[in-house]
Amino acid sequence: DEETAGSCIQWLVTKHRDLIDGAFALNTDAGGGVLRDGRRVMFAVQASEKVYATYVLEATDKGGHSSLPRPADNPLYRLAPVLERLAQYQFPVKLNEVSRAFFEQSAAIDTGRLAEDMRGVLKDPPDSGAVARLAAVPFYNSKLRTTCVATMLEAGHAENALPQSARATVNCRILPGEPASEVEATLRRLAGDDRITLRTLYAPIPSPPSPLTPAIMAPLERLVAEQFPKVPIVPIMEAGATDGLFLRNAGIPTYGVSAVFEEQNDVRAHGRDERIGVQSFYDALEFWYRMMRAFAGG
Numbered sequence: 048d049e050e051t052a053g054s055c056i057q058w059l060v061t062k063h064r065d066l067i068d069g070a071f072a073l074n075t076d077a078g079g080g081v082l083r084d085g086r087r088v089m090f091a092v093q094a095s096e097k098v099y100a101t102y103v104l105e106a107t108d109k110g111g112h113s114s115l116p117r118p119a120d121n122p123l124y125r126l127a128p129v130l131e132r133l134a135q136y137q138f139p140v141k142l143n144e145v146s147r148a149f150f151e152q153s154a155a156i157d158t159g160r161l162a163e164d165m166r167g168v169l170k171d172p173p174d175s176g177a178v179a180r181l182a183a184v185p186f187y188n189s190k191l192r193t194t195c196v197a198t199m200l201e202a203g204h205a206e207n208a209l210p211q212s213a214r215a216t217v218n219c220r221i222l223p224g225e226p227a228s229e230v231e232a233t234l235r236r237l238a239g240d241d242r243i244t245l246r247t248l249y250a251p252i253p254s255p256p257s258p259l260t261p262a263i264m265a266p267l268e269r270l271v272a273e274q275f276p277k278v279p280i281v282p283i284m285e286a287g288a289t290d291g292l293f294l295r296n297a298g299i300p301t302y303g304v305s306a307v308f309e310e311q312n313d314v315r316a317h318g319r320d321e322r323i324g325v326q327s328f329y330d331a332l333e334f335w336y337r338m339m340r341a342f343a344g345g
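Residue numbers are given in my numbering: position 267 of the sequence shown equals residue 314, and the series is strictly consecutive.
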């Protein structure tokens, strides 16, 4: 459950492994179908996910009365340029087995400049123009690199008082296999001020990818072909975090098979108007029923 930071699945894995032990797990809260202008273009199977980590940057001062400002000491002013540097920074492009397969297979589906750019990022070294164009689309940028973004700001205690502290919460989604220590070092370098501290709010947990074996993919390909004809299956690295993290670390390969089709550029997860299409929901229920029967041998 997201509200408990995955504590429920952690409890099951550590306390009641016998109840959930299996050769693999199917996660209906990851992966899923991709729509473009209402047209189904791919069925994404999640085989890996980025590593979730949250940090807090903080600047402090003794404070005082707002009628006697000291701009050089103001924690808000010290933190502001750090956030600007973070906004402009791009982590290096690094493709892994799953993200490489995603771009290879997506290039076969798409056409024109988009397909060319997908092939361009597969080159060694990646084509810089292709990287820049794909990075302009958040969906593709999340597959190319680690991302860190400021999500919360907190400062001061009264409108007529100089702030004694200013804090920025920074949420990172780290590529599998990329050391979290390197990401922390990057954030410290971007801070560029010994008076600004960095602490970990949510410690990163490594998330190994799950192998895309025929035993998993063959039944899924058949089921997708039956219910969603001509929609190709594409492996994907999830940008978000799921319970699959804890199952994979427990040695249970986990695959995201949401089956809910959503518009690629209109994903509303965590938004105030979070929603999915009614027909997409019922189509997914039917797919999950067929999938469970298929893997159970029924």
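Ideal Cβ positions, reconstructed from N, Cα and C, are used throughout, including at glycine.
Following the continuous beta strand (DSSP E) through residue i, name the residue where it begins and the one where it ends.
i      : result
GLY78  : Note, GLY78: premise wrong, no beta strand (DSSP E); not H, not E.
SER95  : 86-96
TYR329 : Looking at the DSSP string, TYR329 is not in any beta strand (DSSP E); the run it does join, the alpha helix (DSSP H), is 325-342.
GLU131 : Unbroken run through GLU131 is the alpha helix (DSSP H), 122-135; no beta strand (DSSP E).
ARG214 : 212-221
GLU225 : From DSSP, GLU225 is part of no beta strand (DSSP E); its letter is neither H nor E.
LEU200 : 194-202
ARG246 : 243-249
Do you know how far the Cα of residue j is from the Cα of residue i?
i      : j      : result
GLY80  : VAL307 : 6 Å
ARG242 : TYR329 : 54 Å
GLU285 : GLY159 : 25 Å
PHE150 : MET264 : 18 Å
GLU144 : SER254 : 14 Å
PHE275 : SER153 : 17 Å
Starting from residue i, follow the alpha helix (DSSP H) in both directions and report where the run begins and ends.
i      : result
LEU191 : 185-191
VAL140 : Careful: VAL140 lies outside any alpha helix (DSSP H) and carries neither H nor E.
THR61  : 54-62
ALA177 : 175-182
GLU206 : GLU206 -> no alpha helix (DSSP H), and no H or E assigned at all.
Thinking C-alpha only, which one of the options is nearest residue i?
i      : options                        : result
VAL271 : MET284, ARG87, ILE67           : ARG87
LEU123 : ASP157, ARG214, SER257         : ARG214
ASN188 : ALA197, GLU144, ASP164, ALA208 : ASP164
THR101 : LEU248, MET339, VAL325         : LEU248
PHE90  : LEU209, ILE156, ALA208         : ILE156
ARG147 : ALA134, LEU130, TYR136, LEU169 : LEU169
SER212 : ARG125, GLU231, THR260, TYR302 : ARG125
ALA134 : ARG269, THR301, LEU234         : LEU234
LEU82  : PHE342, ARG337, ASP313, PRO210 : ASP313
HIS112 : ARG180, ASP290, ALA208         : ALA208
ALA227 : VAL278, PRO251, SER175, LEU191 : PRO251
SER95  : ALA183, VAL325, LEU294, PRO210 : LEU294
SER175 : PHE186, VAL140, ALA202, MET339 : VAL140
Is there a Cβ from chain D that is less than 9 Å from the Cβ of residue i?
i      : result
THR198 : Annotation note: the requested chain D is absent from the structure, which comprises a single protein chain.
Please work out which residues of its chain come closer than 6 Å, Cβ to Cβ, to residue i, disregarding the five sequence neighbours upstream and downstream, and give them in chain order.
i      : result
THR198 : THR216, ASN218
ARG246 : VAL103
ARG220 : LYS97, THR194, ALA286
Quick one: what's got a C-beta closer than 8 Å to residue i's C-beta in the same chain, skipping five residues either side?
i      : result
ALA316 : GLY287
ALA341 : PRO266, ARG269, LEU270
Leaving aside the five residues before and after residue i along the sequence, list all residues of the same chain whose C-beta is less than 7 Å from its C-beta, in chain order.
i      : result
ILE299 : GLY69, PHE71, ALA72
ASP120 : ASP108
THR244 : GLU105
ALA238 : LEU104, VAL129, LEU245
Inside the region 253-323 only - alpha helix (DSSP H) runs reaching at least 4 residues: 261-274, 291-296
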